[in-house]
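Asks:
In this note's numbering, the protein residues as written are 13 to 398.
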């Protein structure tokens, strides 16, 4: 009897701990898959909206306005006390945070997307962690550590990613007809907001688009440097993101009006453009931020980026099947190299983080609570997954 009672007590104490662990083990990867699906939907919807005549800064301004409104209740519910710490210095850093992370990074990305296609653009999103590492190494914010195994793998992964990008951009090769492309006919595309041109989709200028996308990657890299300073001056998650979205909205409106004086471009109607704005603001900004923040807190900064290849593969397939974008040997080869290089880089980065954590003394519980993961690529992803 005593033995059975002891067994029952053990079962009762183990079950509450086991179930949450099992749920987290299942929900974490599902949440990251969901983030990638949000990214895919945002890319395809944005491309269709740009083809229908929507200005990139219009989408950028409205998207961040919705992101601001969505993050507002989270900021005031969880971090209301952070309002007392807002001063001119904090607002100044958040201004530059929004300038690099929203206006420049996302704005240039949208212009690159409009000039190329979704399948081509998603390759550059996967390069952001690598470009950030290169910029950090140039400014000596991060050491190469080529004498260590993890450091050497990071460098090799970086080189592979750079070569893969060159292959995607410069080598075309034979066109592959893997399925009947253009499943959406020109009339259907026009009905949902596509181009009026029967030869839709039109890739305006691949060279200019590539330059825009490279500029976007560089802007994201510098944004991380600014973001690190913001985290130091204003250690907040929701309130900082809400203020950055608000600043980004104001900046996007000012620049958008300066670039395009047509006031009718800012008018909203019940069409695909409105769907794109709401979708991008709610799912690709607010929801993505919450999911990635949770994943980083549980698995570390490299975890969200491990799922980036999913968005690359699915976007390339859907962009070809639905919108008729070409798939060539060069694009597949370059994308494969980027995926291999990215995972090599992330493996090396994750190994370095574990080594650094093992070197930190953990004598007391108070000391352990101070050990936190560094900021990740995540929307880096908060705002990054355009």
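For every residue, glycine included, the Cβ atom is placed at its ideal position computed from N, Cα and C.
Between which two residues does the alpha helix (DSSP H) carrying residue 364 extend?
Replies: 341–371 is the span of the alpha helix (DSSP H), which, as asked, contains residue 364.
Asks: Are residue 228 and residue 124 close, meaning C-beta to C-beta below 8 Å?
Replies: In contact: residue 228 and residue 124 (Cβ atoms closer than 8 Å).
Asks: Round the Cβ separation of residue 127 and residue 221 to the nearest angstrom and send it over; I've been treating them as touching at under 8 Å.
Replies: Contact holds; Cβ gap of about 3 Å.
Asks: Using the beta-carbon count (16 or more within 10 Å), is residue 244 buried or exposed?
Replies: Classification for residue 244: exposed.
Asks: DSSP three-state call for residue 280: helix, strand or coil?
Replies: It is coil, neither helix nor strand.
Asks: Nearest CA to the CA of residue 78: which residue from 289, 329 and 166?
Replies: Looking at the Cα atoms, 289 is the closest of the given residues.
Asks: Sort out for me which residues DSSP pairs residue 187 with in a bridge.
Replies: Its beta-bridge partners are 340.
Asks: Going by beta-carbon coordinates alone, are residue 351 and residue 324 separated by less than 8 Å?
Replies: Closer than 8 Å, so yes.
Asks: Thinking C-alpha only, which one of 41, 76, 101 and 253 is nearest residue 86?
Replies: Nearest option by C-alpha distance: 253.
Asks: For residue 433, which three-state DSSP category applies?
Replies: With the chain covering 13 to 398 only, the question about residue 433 has no answer from this structure.
Asks: Return the CA-CA distance between residue 173 and residue 262, expressed in angstroms with no decimal places.
Replies: Approximately 35 Å between the Cα atoms of the pair.
Asks: In terms of residue numbering, what span does the alpha helix (DSSP H) encompassing residue 258 cover?
Replies: Residue 258 -> alpha helix (DSSP H) spans 250–271.
Asks: Does DSSP classify residue 152 as helix, strand or coil?
Replies: In the structure shown, residue 152 sits in coil (DSSP, three-state: anything other than H, G, I, E or B).
Asks: Within the 8 Å Cβ cut-off, does residue 334 reach chain D?
Replies: In the structure shown, chain D does not exist; there is a single protein chain.
Asks: Does the Cβ of residue 367 have 16 or more other Cβ atoms within 10 Å, making it buried, or fewer, making it exposed?
Replies: Exposed.
Asks: Tell me which same chain residues have a C-beta within less than 7 Å of the C-beta of residue 115, skipping the five on either side of it?
Replies: 260, 263, 264 and 267.
Asks: In whole angstroms, give me the CA-to-CA distance for residue 176 and residue 100.
Replies: For residue 176 and residue 100, the distance between alpha carbons rounds to 43 Å.
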